[in-house]
């Protein structure tokens, strides 16, 4: 056994010595462009004059509307498009947006696409190399795997570095309009998947906060952890190859995307933009973000530290929406302390049946009983919804068939809210980098809260503790999940809609000390 371990260690050390990131390439820095003389600036001129110093926000809870927003940004841009994403799938949504980016680049728009290399690992480099071959497009990979042809071996060669990822999600046009939030680029984030869709949240913003988001993008784009994809490939792609790929892309989008374009044009945002009458919520908005040095092992000011001052100011009510929720002992103690001070603390997360990462649920379940005993209210998302299919498609925070929570949002005292990419789990807090917008707008906070509260009964189980023996209220308590369905209440005493093996697997994982990686 010791010999086998020694050989494995030797091979890993040998592999790590043979695999290194490229060095012999020109690292060109680039910065945000001034879009103050663009058509977007002209369109927003009256709004900016009426709300000096403030930023405008528009929530994007509907998947189709969120995709429409990105397409509208791509089509409106005249100077620049800056995109930063953790995941980009080569599916309908991914290809529609690639087409829109190329169309913008054809108009002379500078396009910068920064992708987390592990997040896009399911796709090979070819598609992004072709995109990068356009003279107005640059594609960079963040914290890349050095061994491109054998990614698994590349991961094994450098696991400590590659464990830390860029989880940020933003898209900015002409340094004037941005979309920030929880959505990656893929069918399941925009209500296009046939099986399971994510209930998610973004916010479209204009005004001074956009310059902050652009500053954050520039910091990442020019960081030592970002590499141009061309640095890994000595030979680029020819004009003929790009032209052939463009023809194939246009044919694919025409076949698969046209029906969705029609739906997107009919969304409230599509209609209002067509009338130039989008209603924005105005107020103070700030971009909060981790620095890229976080993944390089350097000490930095973490996003959660920036948020702590907000959480410490809660007076009455705190609502937390986090699909991956692993508060740990310290976080549990803080939430319980808030509840015992008389603050109403509500947490909405995924049920075991709805989550797409069972290991995270294993970390969450360790804190569930302590949170409930301490007065924190817990709600877990159902894997499917009670409403009929048509209503399901229209409801905020719901997908079109199966559903899984992916939104990350905190609402404080109906006054302020945070919408971004950060989950309340150790991976988001300590390991990956994140971004989000802190919005001071009682109108927006109340509007989103009212919408959410009017609908969450149809999407979430209420989790409570009750005595196992009602005749002995001082006896042991058990977890109970309640589903509210058309005026009826359905109670479960085990994780709803799960099998024995699912529950056994999560229980087994929870025995191991892996919470810091969740």
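Numbering (this note's numbering), first residue to last: 66 to 583. Ideal Cβ placement from N, Cα and C applies to all residues, glycine included.
**OP:** List the residues that DSSP assigns as beta-bridge partners of residue 121.
**Re:** Taking the chain shown and counting its residues from 1, the one referred to as residue 121 is at position 56. The partner list for residue 121 (beta bridge, DSSP) reads 271, 347.
Original post:
Run through DSSP, which three-state label would residue 96 get?
Top reply: On the chain shown, position 31 is the one that residue 96 refers to. Residue 96 falls in the coil class under three-state DSSP.
Subject >> Beta carbon of residue 400 nearer than 7 Å to that of residue 441 >> reply: Sequence index remark: in the chain shown, residue 400 carries index 335 (1-based). Sequence index remark: in the chain shown, residue 441 carries index 376 (1-based). Contact flag set, yes.
Subject >> Coarse secondary structure for residue 129, derived from DSSP in three states >> reply: Position 64 of the chain shown, counting from 1, holds the residue named residue 129. Residue state, collapsed to three classes: helix.
Original post:
When we look at the beta-carbon of residue 563 and count the other beta-carbons within 10 Å, is it buried (16 or more) or exposed?
Top reply: Within the chain shown, numbered from 1, the residue matching residue 563 stands at position 498. By the neighbour-count rule (16 or more Cβ atoms within 10 Å), residue 563 is buried.
Original post:
Should the region 273-290 be regarded as contacting the region 232-245, the criterion being three or more beta carbon pairs within less than 8 Å?
Top reply: Counting C-beta pairs with one atom in each stretch, the region 273-290 and the region 232-245 have three or more that are closer than 8 Å, which means they touch.
**OP:** Would you list the one or two residues that DSSP bridges to residue 308?
**Re:** For the purposes of this step, residue 308 is taken as residue 243 along the chain shown, with counting starting at 1. Per DSSP, none; premise fails for residue 308.
**OP:** Under 6 Å Cβ to Cβ from residue 390, same chain only, skipping five residues before and after it: list those, please.
**Re:** Along the chain shown, read from residue 1 onward, the residue named residue 390 stands at position 325. When the five nearest sequence neighbours on each side are left out, the beta carbons in the same chain lying within less than 6 Å of the beta carbon of residue 390 are those of 414, 429, 489, in order along the chain.
**OP:** Kindly confirm or deny that the region 141-154 and the region 538-555 touch, where touching means at least three C-beta pairs closer than 8 Å.
**Re:** Counting Cβ pairs under 8 Å, fewer than three are found: no touch.
**OP:** Taking all protein chains shown into account, decide if residue 286 is buried (16 or more other Cβ within 10 angstroms of its Cβ) or exposed.
**Re:** As a first step, residue 286 must be located in the chain shown, where it is residue number 221. By the 10 Å Cβ count, residue 286 comes out buried.
**OP:** For the region 159-177 and the region 131-138, state whether three or more C-beta atom pairs, one from each stretch, are separated by less than 8 Å.
**Re:** yes
**OP:** State the DSSP-derived secondary structure class of residue 550, mapped to helix, strand or coil.
**Re:** For this step, residue 550 is matched to residue 485 along the chain shown. DSSP places residue 550 in strand when its eight states are reduced to three.
Original post:
Pairing CB atoms from the region 491-507 with CB atoms from the region 321-338, are three or more of them under 8 Å?
Top reply: no
Original post:
With a Cβ-Cβ cutoff of 7 Å, do residue 571 and residue 546 count as a contact?
Top reply: Start at 1 with the first residue of the chain shown, and residue 571 comes out as number 506. Start at 1 with the first residue of the chain shown, and residue 546 comes out as number 481. Against a cut-off of 7 Å, the Cβ pair of residue 546 and residue 571 comes out as no contact.
Original post:
Which residues mark the beginning and the end of the beta strand (DSSP E) in which residue 474 is found?
Top reply: Within the chain shown, residue 474 is the residue found at index 409, counting from 1. Per DSSP, residue 474 belongs to the beta strand (DSSP E) from 474-477.
**OP:** Give the single residue among 501, 184, 167 whose Cα lies nearest to the Cα of residue 203.
**Re:** For the purposes of this step, residue 203 is identified with residue 138 of the chain shown, where counting begins at 1. Per the Cα distances, 167.
Subject >> Assumed close pair residue 419, residue 574 - CB separation to whole angstroms, cut-off 8 Å >> reply: Position 354 of the chain shown holds residue 419. Position 509 of the chain shown holds residue 574. Contact doesn't hold; Cβ gap of about 17 Å is too wide.
Original post:
Considering only the beta carbon of each residue, do residue 388 and residue 470 sit closer than 7 Å?
Top reply: Along the chain shown, one-based indexing puts residue 388 at 323. Along the chain shown, one-based indexing puts residue 470 at 405. Yes, Cβ-Cβ distance for residue 388 and residue 470 is below 7 Å.
Original post:
Thinking C-beta only, is residue 105 closer than 7 Å to residue 158?
Top reply: Here residue 158 refers to the residue found at position 93 of the chain shown. Here residue 105 refers to the residue found at position 40 of the chain shown. No, these two residues do not count as a Cβ contact at 7 Å.
**OP:** State buried or exposed for residue 305, treating a residue as buried only when at least 16 other CB atoms are found within 10 Å of its CB.
**Re:** Start at 1 with the first residue of the chain shown, and residue 305 comes out as number 240. Exposed, because fewer than 16 other Cβ atoms sit within 10 Å of the Cβ of residue 305.
**OP:** Would you mind giving the Cβ-Cβ distance between residue 207 and residue 225, rounded to the nearest angstrom? I have them listed as a contact below 8 Å.
**Re:** Along the chain shown, one-based indexing puts residue 207 at 142. Along the chain shown, one-based indexing puts residue 225 at 160. Going by Cβ atoms, the distance from residue 207 to residue 225 rounds to 16 Å, so no, they are not a contact pair.
Subject >> Secondary structure of residue 226, DSSP reduced to three states >> reply: For the purposes of this step, residue 226 is identified with residue 161 of the chain shown, where counting begins at 1. The DSSP-derived three-state label of residue 226 is helix.
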